[in-house]
Amino acid sequence: MSTQPKKKILITGGKVVDGSGNPWFYSDVLIDGDTIAEVSRNLKDKIGKDNQSEYEVIDATGKIVCPGFVDIHSHSDAEVYIDGTARSSVMQGITTEIAGNCGDSAFPLVGYFPERYAKHMYELYGWEEEFPWKTLDEYVDVVNSQGVSVNIGLLAGHASIRTAVSDYADRDLTEEEYKEAERLLREALEQGAFGMSMGLYYAPGSYATTKEAIRFSKIVAEYDGFVSCHLRDEADYNIGILAAYQEMLTVARESGARVQISHMKCVGPSTWGYADILVRMVEDARKRGFDVAGDQYPYLAACSSIIGSLIPRWAQAGTKQDFLDRLRDPETREKIKREVIRNLRRRGGAERLFIGRYPPEPEYAGKSIAQISEMMGLDYAETTLRLVEPFNPQLVTYSMQEDDLKVIMQAPFVMVGSDGRALRPEGILASGPPHPRSYGSFPRVLSKYAINGNVLSLEEAVRKMTSLPAARANLKDRGLVRRGFKADIVVFDPVTINDNATFDNPRLYPTGIDYVLVNGVPVVAEGKHTEAKPGTVLRHNA
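To convert, note that position 155 of the sequence shown is 155 in the numbering used here; the numbers rise steadily by one, no gaps.
Below you can see the structure in the form of structure tokens.
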């Protein structure tokens with residue numbers, strides 16, 4: 001099939017799983033420009049042979065035709081600027097991403113935040129160029145002008161805004177700082193942010209009180225956005241997982257905002273088996289009228305940084321030099337090490353924690369803290385501190401249990417979110433090793449948990465990837481194969497679909513994703529990226 005399609009595309013012969021959760025049905029799908037023009041049987045016959053030359057025809061016989069996948073939890077803000085082809089996203093069927101999650105958005109690049117964000121991007125990829133925007137408006141102009149293969153909407157990051165006004169100050173904001181932060185949040189919401197994300201687990205979000213979270217969430221509610229949150233605790237790191245859930249239910253109740261619990265999971269042995277309790281807590285809140293939902297990625301390993309995962313928050317307050325000064329003080333260093341030991345245990349042990357890109361000693365990349373400890377001849381806690389003194393690498397932690405994952409996945413209010421980034425197997429975005437979720441989350445749910453796993457029906461799996469997250473983000477014309485909706489479409493083979501990316505080899509595209517259309521244009525055709533960039537930066541309620 002041509003990568004430069006005709007104005008009209010006809011998808012014929014497939015089983016349509018329309019995203020609503022209803023049973024599949026046979027139908028053809030007619031696309032005119034960027035819109036689904038008709039969904040009915042025998043369209044090819046109705047068009048007639050004389051007119052078929054006007055159409056690009058995709059034969060979907062034996063295949064599933066469904067809406068493009070909506071990734072409600074992504075971190076691709078900067079990545080789609082670095083490489084607009086968004087390869088690891090569209091190759092797994094993602095047509096829309098909601099990025100800026102966990103409190104971390106690529107804007108506003110003002111105040112103290114630009115230096116922090118530049119450091120973060122260097123640690124991820126070695127990226128050293130300055131980003132040519134400050135506000136969401138400017139980000140939209142830059143990314144749209146250079147082109148992007150996927151649609152992307154952004155949340156305003158609470159931590160990004162807090163950093164802009166107070167850096168990593170471990171305290172309540174002053175009233176002057178509150179007012180400036182509120183101004184920046186309103187500016188982002190008025191420019192099209194879909195809501196606000198919080199990362200109460202990470203510094204500096206962890207320095208915010210529940211009262212602060214409610215105060216900002218009330219503003220989000222005014223704009224009918226949603227508040228996503230990486231909870232303050234997903235184990236027994238500080239307040240405990242149950243108290244962390246209760247905190248966000250309180251935010252929902254007191255602010256009136258729609259609340260999204262990010263990547264629902266039970267981290268570490270102390271919380272294994274809690275999934276039923278967590279699901280019931282959200283169900284009970286919904287019965288009381290609070291609009292709370294959640295998302296999940298289909299893996300048993302998490303990914304963060306060493307500092308984010310293992311270093312106590314009080315030790316991170318202030319500048320990087322403040323942190324290093326604490327490490328140089330023998331008494332304070334021992335105090336930090338004691339907490340590192342507890343945090344290693346909470347995440348299942350040093351044998352289960354593997355670091356990513358590490359320029360100071362490249363041979364450490366991909367090895368566990370236990371392995372590096374043996375190489376250094378040091379104990380686990382001292383090894384951890386030696387690692388973070390020059391650089392803060394990413395950390396993959398094998399800390400979850402399959403039974404909990406399945407219980408959470410089956411909850412009707414839980415949608416699929418990759419928690420990944422739009423990467424590619426070569427170039428600067430190949431730095432890593434990355435978590436395989438960036439390449440395989442959506443095919444993995446379809447193959448392992450729906451088609452071959454009997455955890456979800458195919459229709460329910462597709463609903464969790466399409467109409468459910470689209471509704472969460474107020475995307476009123478995406479997420480369904482329905483007349484008048486945007487032509488974001490995936491055609492996949494239910495026999496061959498498979499996520500191929502693993503933790504040992506994470507940069508593999510899935511198989512079985514034959515076609516991906518974004519706004520009516522194929523970005524994947526016959527399983528290959530077409531280099532087309534028909535996507536756009538979406539604005540909330542635009």
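Even glycine gets a Cβ: it sits at the ideal position worked out from N, Cα and C. All figures in this text were calculated on a predicted structure; none of them were measured in a lab.
message: Quick check: the Cα distance between residue 582 and residue 21, rounded to an integer number of angstroms?
response: With the chain represented from 1 up to 542, any question about residue 582 goes unanswered, as that position is not in the structure.
task: Starting from the C-beta of residue 367, find all residues in its chain whose C-beta is less than 7 Å away, skip the five residues before and the five after it, and write them out in chain order.
output: On the sequence shown, position 367 is the one that residue 367 refers to. 354, 355.
message: For residue 230, report the span of its beta strand (DSSP E) as first-last.
response: Here residue 230 refers to the residue found at position 230 when the sequence shown is read from its first residue. Residue 230 -> beta strand (DSSP E) spans 226 to 230.
message: Could you check whether residue 127 and residue 428 sit closer than 8 Å to each other, using their CB atoms as the reference points?
response: Residue numbering aside, residue 428 sits at position 428 when the sequence shown is read from its first letter. Residue numbering aside, residue 127 sits at position 127 when the sequence shown is read from its first letter. Yes, these two residues count as a Cβ contact at 8 Å.
task: Measure how close the beta-carbons of residue 81 and residue 107 come, nearest whole angstrom, since I'm counting them as under 8 Å.
output: By 1-based counting over the sequence shown, the position of residue 81 is 81. By 1-based counting over the sequence shown, the position of residue 107 is 107. With a Cβ gap of about 11 Å, residue 81 and residue 107 do not count as contacting.
task: Look at the Cβ atom of residue 340, then the Cβ atom of residue 381, and state whether they are nearer than 8 Å.
output: In the sequence shown, counting from the first residue as 1, residue 340 sits at position 340. In the sequence shown, counting from the first residue as 1, residue 381 sits at position 381. Taking 8 Å as the Cβ cut-off, residue 340 and residue 381 qualify as a contacting pair.
task: Return the chain-ordered list of same chain residues with a C-beta closer than 6 Å to the C-beta of residue 309, the five sequence neighbours on each side being excluded.
output: By 1-based counting over the sequence shown, the position of residue 309 is 309. Only 395 meet the Cβ criterion.
Three-state secondary structure (DSSP) of residue 594: Because the chain in this structure spans residues 1 to 542, residue 594 falls outside the shown range and cannot be described.
query: Assuming residue 520 and residue 9 make a contact with CB atoms under 8 Å, what is their CB distance in whole Å?
result: If you number the sequence shown from 1, residue 520 lands on position 520. If you number the sequence shown from 1, residue 9 lands on position 9. The Cβ separation is near 7 Å, so the contact holds.
- prompt: The alpha helix (DSSP H) with residue 281 in it runs from where to where?
  reply: Locating residue 281 in the sequence shown gives position 281, counting from the first residue. Residues 275 to 287.
task: With residue 373 as the anchor, note down where its alpha helix (DSSP H) starts and where it stops.
output: As a working mapping, residue 373 is identified with position 373 in the sequence shown. It spans 369 to 376 - the alpha helix (DSSP H) in which residue 373 sits, taken as one unbroken run.
Those residues which DSSP pairs with residue 303 across a bridge: Your numbering for residue 303 matches position 303 in the sequence shown. 396, per the DSSP bridge assignment.
query: What are the boundary residues of the alpha helix (DSSP H) that residue 385 is part of?
result: Locating residue 385 in the sequence shown gives position 385, where the first residue counts as 1. 380 to 388 is the span of the alpha helix (DSSP H), which, as asked, contains residue 385.
- prompt: Taking residue 475 as the reference, which of 278, 224, 240 has the closest Cα?
  reply: Looking up residue 475 in the sequence shown gives position 475. It is 224.
field: Top-ranked residue by Cα proximity to residue 32, from 449, 505, 499, 489
entry: Indexing the sequence shown from 1 puts residue 32 at position 32. Residue 489 is the option with its Cα nearest to residue 32.
- prompt: Is the stretch 327 to 347 close to the stretch 447 to 460, with three or more CB pairs under 8 Å?
  reply: no
field: Cβ-Cβ separation, residue 79 to residue 317 (assumed contact under 8 Å), whole Å
entry: To locate residue 317, count along the sequence shown from 1; it is residue 317. To locate residue 79, count along the sequence shown from 1; it is residue 79. Actually they do not touch by this definition, with Cβ atoms about 29 Å apart.
Helix, strand or coil at residue 439 according to DSSP, with G and I counted as helix: Reading the sequence shown from its first residue, position 439 is the one you call residue 439. It is helical.
- prompt: Straight-line CA distance for residue 2 to residue 377?
  reply: For the purposes of this step, residue 2 is identified with residue 2 of the sequence shown, where counting begins at 1. For the purposes of this step, residue 377 is identified with residue 377 of the sequence shown, where counting begins at 1. Since pLDDT at residue 2 reaches only 40, below the 50 mark, its modelled position is unreliable, and the value read off the structure follows with that caveat. Near 58 Å, if we compare the C-alpha coordinates of residue 377 and residue 2.
task: Report yes or no: do three or more beta-carbon pairs, one from the stretch 146 to 164 and one from the stretch 105 to 124, lie closer than 8 Å?
output: yes
- request: Return the chain-ordered ranges of every alpha helix (DSSP H) run that is complete within the stretch 36 to 103 and spans a minimum of 4 residues.
  value: 43 to 47, 79 to 82, 87 to 90
- prompt: Residue range of the alpha helix (DSSP H) that residue 341 falls in?
  reply: Position 341 of the sequence shown, counting from 1, holds the residue named residue 341. Residue 341 -> alpha helix (DSSP H) spans 330 to 346.
- prompt: Which residue spans inside the stretch 134 to 219 form an unbroken alpha helix (DSSP H) run of at least 4?
  reply: 136 to 146, 158 to 166, 175 to 190
field: Nearest-angstrom Cα separation, counted from residue 486 out to residue 28
entry: Taking the first residue of the sequence shown as position 1, residue 28 is located at position 28. Taking the first residue of the sequence shown as position 1, residue 486 is located at position 486. C-alpha separation (whole angstroms): 16 Å.
task: Can you give me the Cβ contacts of residue 534 inside the same chain, cut-off strictly under 6 Å, excluding the 5 residues immediately before and after it?
output: Stepping through the sequence shown from its first residue, residue 534 is reached at position 534. Same-chain partners within the cutoff: 518, 519, 521.
- prompt: Who are residue 464's beta bridge partners in DSSP?
  reply: Working through the sequence shown from its first residue, we reach residue 464 at position 464. DSSP, once it has assigned bridges, lists no residue as partnering residue 464.
field: Segment limits, beta strand (DSSP E) that includes residue 514
entry: Against the sequence shown, residue 514 aligns to sequence position 514. Segment 513 to 518, the beta strand (DSSP E) holding residue 514.
- prompt: What do you reckon, are the CB atoms on residue 358 and residue 391 nearer than 8 Å?
  reply: Position 358 of the sequence shown, counted from the start, is the residue given in the question as residue 358. Position 391 of the sequence shown, counted from the start, is the residue given in the question as residue 391. Contact: yes.
message: On the CB-based measure, 16 or more other CB atoms within 10 Å of its CB, does residue 473 come out buried or exposed?
response: What you label residue 473 is simply residue 473 of the sequence shown in a count that begins at 1. Around the CB of residue 473, 16 or more other CB atoms lie within 10 Å, so the residue is classed as buried.
message: Strictly by DSSP, which residues pair up with residue 25?
response: Here residue 25 refers to the residue found at position 25 of the sequence shown. Residue pairing from DSSP places residue 25 in a beta bridge opposite 16.
message: For the alpha helix (DSSP H) containing residue 521, name the first residue and the last one.
response: Residue 521 sits at position 521 when you count from the first residue of the sequence shown. No alpha helix (DSSP H) holds residue 521; the beta strand (DSSP E) holding it covers 521 to 525.
- prompt: Are there 16 or more other CB atoms within 10 angstroms of the CB of residue 326, so buried, or fewer, so exposed?
  reply: What you label residue 326 is simply residue 326 of the sequence shown in a count that begins at 1. In summary, residue 326 is buried, with 16 or more beta-carbon neighbours lying within 10 Å of its beta-carbon over all protein chains present.
query: Got a sec? Which residues, its chain only, sit under 6 Å from residue 494 by beta carbon, not counting five neighbours each side?
result: Taking the first residue of the sequence shown as position 1, residue 494 is located at position 494. The answer, listed in chain order, is 64, 451.
DSSP-derived helix/strand/coil call for residue 410: Here residue 410 corresponds to residue number 410 of the sequence shown, with the count starting at 1. The answer is helix: DSSP assigns residue 410 an H, G or I state.
query: Since residue 413 contacts residue 294 with CB under 8 Å, what's their CB separation in whole angstroms?
result: In the sequence shown, counting from the first residue as 1, residue 413 sits at position 413. In the sequence shown, counting from the first residue as 1, residue 294 sits at position 294. That belief holds up - the Cβ atoms of residue 413 and residue 294 are roughly 6 Å apart, short of 8 Å.
- prompt: Are there 16 or more other CB atoms within 10 angstroms of the CB of residue 129, so buried, or fewer, so exposed?
  reply: Here residue 129 corresponds to residue number 129 of the sequence shown, with the count starting at 1. With fewer than 16 Cβ atoms within 10 Å of its Cβ, residue 129 is classed as exposed.
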